[in-house]
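Position one of the sequence shown corresponds to residue 1 (the UniProt record's numbering), numbered consecutively onward. Note that beta-carbon positions come from the ideal geometry of N, C-alpha and C, so glycine has one too.
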Amino acid sequence: MTGRPDAAVSKTSPVRYGGQDDAERPLGRSIKRGLLNRCPHCGEGRLFRAFLKPVDACAFCGEDMHHQRADDLPPYLVIFIIGHVTVGGYMMTDLVWNISMWAHLAIWVPITVLLAFGTIQPIKGGVIGLQWALRMHGFGGHDEDTDPGRGGPIE
Numbered sequence: 001m002t003g004r005p006d007a008a009v010s011k012t013s014p015v016r017y018g019g020q021d022d023a024e025r026p027l028g029r030s031i032k033r034g035l036l037n038r039c040p041h042c043g044e045g046r047l048f049r050a051f052l053k054p055v056d057a058c059a060f061c062g063e064d065m066h067h068q069r070a071d072d073l074p075p076y077l078v079i080f081i082i083g084h085v086t087v088g089g090y091m092m093t094d095l096v097w098n099i100s101m102w103a104h105l106a107i108w109v110p111i112t113v114l115l116a117f118g119t120i121q122p123i124k125g126g127v128i129g130l131q132w133a134l135r136m137h138g139f140g141g142h143d144e145d146t147d148p149g150r151g152g153p154i155e
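So, in structure tokens, the structure goes:
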């Protein structure tokens, strides 16, 4: 023990920022629920009503989702991930087999398109879960129309 009586307690209790009355929102669990296309709050309700259109509110717990702003980050992450997979795969196959450029196009273009369509929705759900866990863009219950630094309306 370090001589401080509260040292053992601080290692086991989570650090909470903001008001103490706020419910805990674990980051990993929220992102995982979003990746599974489930509500980050309850994990039961569906997160999307169409392919990339989130629901306005969870049908199971009623959590508002209409104010989420997962605009540019999901496509950026998809491009980043799939770019590494396809370029790495192309380079590895080109080192092993000497095939024509048309064969590479026949292999890697469909893989790229299928991976893009298969990963965009879970990644968008994960970003919504991240925003919910960090209380961003209206998920924290505070007014987004005022700038907390200046105290006035955002212009």
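- By the neighbour-count criterion, in which 16 or more other beta carbons inside 10 Å mark a residue as buried, residue 97 falls on the exposed side.
- Shown here, residue 117 sits in a helix according to DSSP, grouped into three states.
- Spatial neighbours of residue 132 in its own chain (CB-CB distance under 6 Å, excluding positions within 5 residues in sequence) are listed in chain order as 30, 40 and 139.
- Counting every other CB atom within 10 Å of its CB across the protein chains shown gives residue 99 a total below 16, marking it as exposed.
- Contact between residue 123 and residue 52 is absent: CB atoms are separated by about 10 Å, not below the 8 Å threshold.
- Two segments are said to touch when three or more pairs of C-beta atoms, one from each, lie closer than 8 Å; by this definition the region 84-92 does not touch the region 58-67.
- Contact annotation: residue 34 and residue 134 have beta-carbon atoms that are not nearer than 9 Å.
- In this structure, residue 55 lies near residue 46, with their beta-carbon atoms less than 9 Å apart.
- Around the beta carbon of residue 118, fewer than 16 other beta carbons lie within 10 angstroms, which makes this residue exposed.
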